[in-house]
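To convert, note that position 112 of the sequence shown is 112 in the UniProt record's numbering; the numbers rise steadily by one, no gaps. One structure below.
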Amino acid sequence: MSRVERPDRGSPTTTLIGVLVVVFLFQRLLEVFGGSPVALALAWPIADRPWTLLTSVFVHRRVFHLVPNALALFVIGLVLERRTEPWRFYAFFLVVGAVAGAMEVTVAQALGRRVAVLGASGAVFGLFGYLLAGNPFTDAVADRISVDPRVAILVVIGVALAITWLTRGERVALIAHFTGIVLGLLAGRAHVLRSSESGASSISADRRRP
1 MSRVERPDRG SPTTTLIGVL VVVFLFQRLL EVFGGSPVAL ALAWPIADRP
51 WTLLTSVFVH RRVFHLVPNA LALFVIGLVL ERRTEPWRFY AFFLVVGAVA
101 GAMEVTVAQA LGRRVAVLGA SGAVFGLFGY LLAGNPFTDA VADRISVDPR
151 VAILVVIGVA LAITWLTRGE RVALIAHFTG IVLGLLAGRA HVLRSSESGA
201 SSISADRRRP
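Quick look at the structure:
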């Protein structure tokens, strides 16, 4: 990952955390008037309420559900946002969060269970996976070691399974966590968050190198 110098447009990480807090306060207001945050959660069939693919990423059950996700987003996000553009960061967060949630409810449905998924953990795990796979140290190791693509896939799955197992617990969306980690690891190796400016700079540097 290379650092990107960009105009100060605010931090996408703190913006997302702000949105999480605002949505959480809105949930509490809904409850005062007899509403339920479950209305914003993702459930099967997804096609009945497709907008919940996005709203579910920002909804949290209780403050002890919100705080760990917000803290993890803060720590990981501040590192990654310096190496990308805001729109790429937002898009990655939303897409990974939506896909992770969709996988959770789809697998649950296939197993004969009905669940409602909410929370940013799938997206946060995606950012964590990206940080693991897309950093300079990992790049250096990958450049020095020739690995069969099938072995690389097994490594990705193994790492994702290990991290998912470590986060297991009651009412934890393990499939969403696993999906987020896998997507993040794959995206990190592909450097999908690398900005156009950093890519152009790298090409120019390569051309100047004797």
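Where a beta carbon is used, it is the ideal one built from N, C-alpha and C, also for glycine. Here the structure is a predicted model, which means the values were calculated and not measured.
{"Query": "Phe178 versus Tyr130: straight-line alpha-carbon distance, rounded", "Result": "13 Å"}
{"Query": "Helix, strand or coil at Leu118 [DSSP, three-state]", "Result": "coil"}
{"Query": "Candidates Gly126, Ala102, Ala123: closest to Gly42 by CA position", "Result": "Correcting the residue type first, residue 42 is Leu in the shown sequence and not Gly. Among Gly126, Ala102, Ala123, the Cα nearest to that of Leu42 belongs to Ala102."}
{"Query": "In DSSP terms, what Leu154 is bridged to", "Result": "Leu154 is not bridged to any residue."}
{"Query": "Selected residue, minimal CA-CA separation from Tyr90, among Thr15, Val115, Phe125, Leu30", "Result": "Thr15"}
{"Query": "DSSP-derived helix/strand/coil call for Leu53", "Result": "helix"}
{"Query": "Rounded C-alpha distance that separates Gly10 from Thr167", "Result": "31 Å"}
{"Query": "Delimiting residues of the alpha helix (DSSP H) encompassing Glu81", "Result": "63 to 81"}
{"Query": "Sheet register partners of Leu42 (DSSP bridge)", "Result": "Val117"}
{"Query": "Exposure label - Glu170; buried when at least 16 CB within 10 Å", "Result": "exposed"}
{"Query": "Supposed contact pair Ala133 and Gly188 - C-beta distance, whole angstroms, cut 8 Å", "Result": "3 Å"}
{"Query": "Where Leu94 sits in the DSSP three-state scheme", "Result": "helix"}
{"Query": "Inter-residue spacing [alpha-carbon to alpha-carbon] between Asp143 and Ala110", "Result": "40 Å"}
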